[in-house]
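Chains G and Y are the protein sequences, given in the same order. If you're matching positions, the first sequence starts at 18 in our numbering and goes up one per residue. If you're matching positions, the second sequence starts at 13 in our numbering and goes up one per residue. Backbone N, C-alpha and C fix where the C-beta goes; we use that ideal spot for every residue, glycine too. Note that the structure is a prediction, hence the values are computed from the model and not measured. To start, the structure itself, in structure tokens.
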Amino acid sequence: MNPQQQDIPSVGADLEQETTGVPQPDGREEETLTGGLRRLWPNFRQATFRSGRARTGRGRALKVFANLFLHIHSTRTHLYSLRFWTTAGLGIAAAASFVVAAVTGVLLMIYYTPSTALAYQSIKDIHYTVPTGRFIRNLHRWSAHIMVIAALLHAVRVFFTGAYRRPREFNWLIGLALLAVTLGLSFTGYLLPWDQLAYWAATIGSNIAGSPRELTDALGVTQHFDPGGFLRHLLLGADYVGQPALTRFYLLHVMVLPLALVGLMGIHFWRIRKDGGLARPSDAQLRAEGLLPHPGRANPTATVFEPGPKKTYGLMALVRGRTPPVGKGPENTAPSWPRALRAEMAVAMTVLAICMLLSLLADAPLKEIANPQIPENPAKAPWYFLGVQELVSYSAFMGGLLLPGLVVLGLALIPFLDRKTEPAGRWFVPRPHGRRVFVRSLIVGTLLVVGIEALAIRLGWIRGWGRGTAMEPWLANPPQLLIIFVNPATVLAALYAAWSLWIYRRTRSTRLAAIALFTCILAGFVVLTWIGTVNRGPNWHFYWSPGDWPAH
Amino acid sequence: MSEQKQGDAAETGRACPIDPDRRDFLSRTAFWVTTGTLTFAAIGVARMPKPGVMPGRSADLKLGPPGNFPVSPDPVRIGARNLFILHDENGFAAISAVCTHLGCIVAATGDGFACPCHGSRFGPDGRVTQGPAGSPLPWFRMSLAPDGQIVVHTDKMVPTGTRFQLG
């Protein structure tokens, strides 16, 4: 062997070497056809994976950064980031369920035909005659539901641990975009079976997109300025839900939105590393609270690293930012290979197991073929939109478009109003005030939404309030603008905002005010979704349980 | 190149091969030409998804001779299109059956119309009696075609209460 080559450590130096040939006394390998054939598999493995089993810390690091798919990880992961309740694995669960949905989605595309004449029949084929078709379709449906739940809970986790704080505010925005694309994927997928459920959910959804007309009609300017009509036409490609709408929804569902999702996911994961990994308190604080394993087998890197005294230069001048941990040892970290990857695979396998179990237990629904003349009664959107649908049943524009828009805007603004960086990475920071505000806001938020819903369900809204009084003629026919701006949705939003501002006045902390508002919105979302899912029956009447619905 | 700059170059003894001002101007021009081109391209691409002509069936619907609709206080539901034909002593009227809230199909209840989706109620003339619908059910223009059939023009709205004397 060339003596110069011996000095250069190869990428596989710390990895178990495969024997790649017949060693000769002079260090060369004899090239023979039979030898090459005999070692075909080890040589192929060496060429592909470039390494055997990693035995040293350096070898484990090489495993991660010499691999395109693994190198989104840093080579070492902090022990606090590996604790279950730091993340509850929710981001990985959302990504894993997307993978399940993508694979099953491609399989469904083999048989699905996006035409109004054939779509329903092709879904029926998939359900009844295609081998494993029903199971694959169920997997697609359940993984989509789990993706929505995981993404929502992931946002809740990031908010309550304060992990959106500087320098992670941009990734919080990417996360919101990912949530929006996830919901868009679910909604566009809802239309594709072209059954009654699909048709009427798409009709209602596209009319919500067109609901700015409610306001422009009330103002009398629709002829000149019609954003609602524009949005609706863009979505449907026509004035009705038909073939152009199916084509557009299909295109969005299988091409545009998945590509957007994958791109945004790439940025999201990359930013986690660029922002210094998962948010966490300082090691000193973690040690004081006993959240790090004691030095020993469980934490071999607990001792604090002393920079070598001979090195007088630093990389700090060359590389700014928080990426390279210059002058810092690997305290309290574990090699990402295998620790972080093992944790991630455990979450992914759990998601897959849950999807498969649910798919075996419950079939994805398929109603009668779409009939534009008879609406499904009740016509319900997917469950995560039923909270919005409950608000829509008072004012389409306010409940369906403006208020959800304001909520998204408010969420996007949080990291730009809450400019502190510390503390972050622990639940309900700053402790103990965060938890107290959370519990109180949960109670206040729930009471407010239940109270307003009870009032609106019991007495109706404005129309009907003045029965038997002098106000009756006016209240029975109120101006539409009054209903648009004063309805349960706007009143609830105003009360939540007032509660949040009151918390701010008392504590002078934008973080605590944000916790108050976020918790209230969360309570409102859960209660309204519950009412829309369970308590609303035919004609959108209130029932205590679906068992009380009248028989048709 | 300004005289001052020439002087500076002469004093330091170094000739500046390209005038910084000119280089700056060229790179700015290149930047804005690129931005402008890409913006125009994006506008052109974004123009396409919005249909120029709305696809769909003819807005005019023929319903046979007026004799098909005897005088009755109850509106007749037309299955092919989502509308009601009302023929009473005052004449003919065509009322939309599409709820103005979110597009579900209303049903006649005897004393008006009810929407199954979000509980909107309309009076016999299509006026809102209970929300969330924000506007009344539209009434459409009707006419008699030369072949003696009733025609409903579902793209032409008329004020609520307008009656047509056909046949």
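- Listed in chain order, the non-local C-beta contacts of F535 (chain G) below 6 Å within the same chain comprise F176, local neighbours out to five positions each way being set aside.
- Interface with chain Y (8 Å Cβ-Cβ cutoff): I391 (chain G) is included.
- Going by DSSP, I143 (chain G) is part of the alpha helix (DSSP H) stretching over 136 to 145.
- When DSSP assignments are scanned along the stretch 60 to 99 of chain Y, the uninterrupted stretches of beta strand (DSSP E) that are 3 or more residues long and fall wholly within it turn out to be 72 to 74, 88 to 90.
- In this structure, A78 (chain G) sits near T92 (chain G), with a CB-CB distance shorter than 8 Å.
- In the three-state reduction of the DSSP assignment, R230 (chain G) falls in the helix class.
- Bridge partners of V164 (chain Y) according to DSSP: Y:L73, Y:M154.
- Annotated three-state conformation of G451 (chain G) is helix, per DSSP.
- The beta carbon of T507 (chain G) is closer than 6 Å to those of M415 in its chain, skipping five residues each way along the sequence.
- Our two residues, L430 (chain G) and L195 (chain G), have alpha carbons roughly 16 Å apart in a direct line.
- The stretch 289 to 303 of chain G makes no contact with the stretch 103 to 118 of chain Y, as fewer than three CB pairs between them are under 8 Å.
- Going by DSSP, R93 (chain G) is part of the beta strand (DSSP E) stretching over 93 to 95.
- Put simply, the CB of S147 (chain Y) is near chain G, with a gap under 8 Å to one of its CB atoms.
- Sequence-distant Cβ neighbours of Q177 (chain Y) in its own chain, meaning closer than 7 Å and more than five residues away, are G103.
- For the stretch 80 to 101 of chain Y, the set of positions with a beta-carbon nearer than 7 Å to some beta-carbon of chain G reads G91, N94 in chain order.
- The DSSP assignment places 213 to 226, 229 to 236, 244 to 253, 260 to 268 as complete runs of the alpha helix (DSSP H) inside the stretch 188 to 274 of chain G, in order along the chain (cut-off: 4 residues).
- Contact check for R528 (chain G) against G179 (chain G) passes: the beta carbons are separated by less than 8 Å.
- Closest in alpha carbon position to I143 (chain G), among G:G122, G:T133, G:H162, G:G53, is G:G122.
- Within the same chain, and ignoring the five residues on either side of P148 (chain Y) in sequence, the residues whose Cβ sits closer than 8 Å to its Cβ are T112, F134, D137, G138, R139, V140, T172.
- A buried status is given to R553 (chain G), since no fewer than 16 other beta-carbon atoms sit within 10 Å of its beta-carbon.
- Its chain contains L459, G462, T463, V466 as the residues whose beta carbon lies nearer than 7 Å to that of A540 (chain G), once the 5 sequence neighbours on both sides are disregarded; these appear in chain order.
- By alpha-carbon distance to P440 (chain G), the top candidate from G:I474, G:L358, G:L492, G:A296 is G:A296.
- In the three-state DSSP reduction, T350 (chain G) falls in the strand class (E or B).
- Taking C-beta atoms under 8 Å as the contact rule, T133 (chain G) and G227 (chain G) fail to qualify, at a distance of about 21 Å.
- DSSP places R133 (chain Y) in the strand class (E or B) of the three-state scheme.
- Between A413 (chain G) and Q406 (chain G), the gap from beta carbon to beta carbon reaches 8 Å or more.
- Here L403 (chain G) really is in contact with T546 (chain G); their C-beta atoms are around 5 Å apart, less than 8 Å.
- In this structure, DSSP gives S68 (chain G) a state outside helix and strand, which the three-state scheme calls coil.
- Between the beta-carbon of V271 (chain G) and that of M126 (chain G) there is about 6 Å, and that keeps the pair under the 8 Å contact cut.
- Around the Cβ of Q240 (chain G), a 10 Å sphere holds fewer than 16 other Cβ atoms; the residue is exposed.
- Partner residues in the beta bridge of F176 (chain Y), as assigned by DSSP, are Y:F104.
- Between P144 (chain Y) and S132 (chain Y), the C-beta spacing is below 8 Å.
- With its beta carbon less than 8 Å from one in chain G, I117 (chain Y) belongs to the interface.
- The shortest CA-to-CA distance from S410 (chain G) to any of G:N556, G:A172, G:R288, G:I284 is the one to G:N556.
- Under the three-state reduction of DSSP output, N556 (chain G) falls in the helix class.
- Pairwise C-beta distances place the stretch 68 to 85 of chain G out of contact with the stretch 142 to 162 of chain G, as fewer than three of them are shorter than 8 Å.
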